[in-house]
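Working notes, structure below.
Residue numbers (my numbering): 2 to 280.
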């Protein structure tokens, strides 16, 4: 049987041994259970090779990492220097072609426009001149018509007086009494006929400028001015020109024959040239 003192001592010693064991275990236990970590290899890639190229073994790549960071500083400086130097010539090269492209086409377009405008003005001037000449011709023709009408009325009175004296009728363009009076009446009648045909004759004069065209149309007229027949005695060779002349003859208001030229029918040949009608 143990006494009280012996039991206390044994308990104290047991506790002391337990604490010592725990302390020793805490010191050596981490080394026992600690597993070695696998370190992944680090690869360094050099974009620009240095002057002195030295290869290092794979085990020493961790030590070469810090000097690589030191070498990046001069590279950044060199890149900065390269950006600063080429900047001024680029600005000069861009500014010169822009000015050449923006100014030259405008001048060329202006020159082309001015040439086209001059041609248009010249064409309009020609057309205006042609129209003015046509209007002037028509005005003269109308004046001539009035004069011819007055002369014709006077000649009619003379012819009637002569007819009463002789007791016969004057015939158109035929020998007999009152030959001089009938010739004058015929001349005046032809003038009226040409004016009537000219009013209905229209064709593009600028297409036939400088060409010697000639068409002869013979017309047969009744006493009342009715067109009995019309045909070509001579053609010009231009179908458009010939068609315009025949159209003018058929659509015109032919005046009736005067008494001095009756009885009909009366045949007259009209000569058509560019811009003129004659006999």
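C-beta: ideal position from N, C-alpha, C; glycine also. Everything numeric in this text was worked out from a predicted model, so none of it was measured.
Nearest-angstrom Cα separation, counted from residue j out to residue i
i           : j           : result
residue 1   : residue 24  : Residue 1 lies beyond the residue range present for the chain, which begins at 2 and ends at 280; the question has no answer from this structure.
residue 253 : residue 115 : 45 Å
residue 270 : residue 202 : 16 Å
residue 200 : residue 141 : 13 Å
residue 242 : residue 277 : 13 Å
residue 257 : residue 233 : 22 Å
residue 118 : residue 263 : 59 Å
residue 7   : residue 27  : 31 Å
residue 137 : residue 267 : 31 Å
residue 192 : residue 212 : 25 Å
residue 129 : residue 190 : 32 Å
residue 29  : residue 12  : 26 Å
residue 120 : residue 244 : 32 Å
residue 21  : residue 45  : 50 Å
residue 122 : residue 216 : 34 Å
residue 175 : residue 125 : At residue 175, the pLDDT of 44 sits below 50, so the modelled position is not reliable; the number obtained from the coordinates is stated separately. Whole-angstrom Cα-Cα distance: 51 Å.
residue 10  : residue 19  : 14 Å
Cβ pair residue i, residue j closer than 7 Å
i           : j           : result
residue 237 : residue 214 : yes
residue 255 : residue 279 : no
residue 186 : residue 275 : no
residue 196 : residue 151 : no
residue 250 : residue 229 : no
Among the options, the one whose alpha carbon lies nearest that of residue i
i           : options            : result
residue 218 : 235, 207, 228      : 235
residue 206 : 134, 148, 122, 123 : 134
residue 188 : 148, 208, 212      : 148
residue 210 : 192, 131, 193, 139 : 131
residue 204 : 190, 191, 192, 248 : 248
residue 208 : 29, 127, 10, 13    : 127
residue 194 : 45, 19, 143        : 143
residue 154 : 216, 123, 18, 261  : 261
residue 139 : 12, 190, 198       : 198
Beta-carbon separation (whole angstroms), residue i vs residue j, contact threshold 8 Å
i           : j           : result
residue 223 : residue 265 : 5 Å
residue 273 : residue 240 : About 14 Å; that fails the 8 Å criterion.
Range of the contiguous beta strand (DSSP E) that encloses residue i
i           : result
residue 45  : Neither: residue 45 is in no beta strand (DSSP E) and is coded neither H nor E.
residue 221 : 216-222
residue 273 : 267-274
residue 279 : 277-279
residue 228 : 228-235
Unbroken alpha helix (DSSP H) run spanning residue i, endpoints
i           : result
residue 240 : 240-252
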